[in-house]
Amino acid sequence: MTTPTPIHDAVREHYAERIKNSASCCGPSACSCSDNALYPSALLDTLPAGETAVSYGCGDPITLASLQPGQTVLDLGSGAGLDCFFAAQQVGETGHVIGVDMTPEMIERARSSAKRMGITNVEFRQGLIEDLPVESNSVDVIISNCVINLSPDKSKVFAEAFRVLKPGGKLAVSDIVTEGPLPDKVKQSLSAWAGCVAGAVEAKDYIGMMEAVGFTNVSVTPVFFDRETVDSALDEMKLDVKEYPREAVYKAVYSAKITAYKP
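Numbering follows the numbering used here, in which position 96 of the sequence shown is assigned residue number 436; successive positions increment by one, without gaps.
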């Protein structure tokens, strides 16, 4: 049983406030970019107009996942449900999608959106991704969009993901990782944790944690942010640093497309 930490509380409060304001902005500070920038138009066209307004991702795990009809899909940190709705369209009536999120406001928004759109092959469960309310060996594909970096115990997240995947199952994740260590001032900031920066780890450590719990064929492909995006993120986090070494973040922080498999 995982006990929520101050980091969990800060992240939950951050996203509860964002969903109340229906906020969606571009950059790692919100773990989000424009929907149009993240997803191909063919994918966006599968949902009714206006349903993509609230997104908190940093990539497109749906395309990365290569979903098939009839599969069971789990979204770690499903937020307002956008990726779950995309997944539900792709797995079809014979498939099933489960979204897990710890923020009640997100669960409420996702459920109401699913009902409004008439999507019946998706459900949303409140819970921590370090302690998934999902049966072992029950999921074909796990997706996640800029969420695992938010966890203070990533090894446990990967262990839980491995547990619930069926043998041969796939993990397809978009997340924030780093190349080299972040400044201590950033890692100690709760606002930077909520902004998807402080909790990011080096790509080699990310891979190591996944392999340690049993994942194989781990692949990490970088997608770098431009300086304008990083500047916007750092300004929004309002870090208490008199002379913040932004050059360190320009060089270190990037989004990544990550895939791995359970043997």
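Note that the Cβ used here is the ideal one computed from N, Cα and C, for glycine as well.
Would you mind working out which of Glu-470, Ser-418, Ala-382 sits nearest Asp-441, comparing C-alpha positions? Ser-418
Could you pull out every unbroken alpha helix (DSSP H) segment of at least 4 residues lying fully inside the stretch 480 to 514, listed in chain order? 494 to 504
Cβ of Val-504 within 7 Å of Cβ of Val-541? no
For Thr-443, which of Phe-426, Leu-490, Ser-559, Met-549 has the nearest alpha-carbon? Leu-490
If you follow the beta strand (DSSP E) that Asp-415 is in, where does it begin and where does it stop? 412 to 416
Reducing DSSP to helix, strand and coil, say where Asp-385 ends up. coil
Measuring CB to CB, does Tyr-601 end up less than 7 Å from Lys-510? yes
Among Gly-520, Glu-519, Ile-438, Gly-508, which one has its Cα closest to the Cα of Thr-599? Gly-508
Here's a check: name, in chain order, each residue in its chain whose Cβ is nearer than 8 Å to the Cβ of Pro-388, leaving out the five neighbours to either side. Met-457
Going by other Cβ atoms of all chains shown within 10 Å of its Cβ, with 16 needed for buried, is Ala-370 buried or exposed? Since pLDDT at Ala-370 reaches only 43, below the 50 mark, its modelled position is unreliable, and the value read off the structure follows with that caveat. It is buried - the Cβ of Ala-370 has at least 16 other Cβ atoms within 10 Å.
State the Cα-Cα distance for the pair Thr-556 and Pro-603, rounded to the nearest angstrom. 7 Å
Exposed unless 16 or more other CB atoms sit within 10 angstroms - verdict on Ala-382: exposed
So which of Ala-512, Asp-471, Cys-424, Asn-477 has the shortest CA-CA distance to Ser-495? Asp-471
Check whether the Cβ atoms of Ser-514 and Cys-424 lie closer than 7 Å to each other. no
May I have the straight-line CA-CA distance separating Leu-422 from Lys-597, to the nearest angstrom? 18 Å
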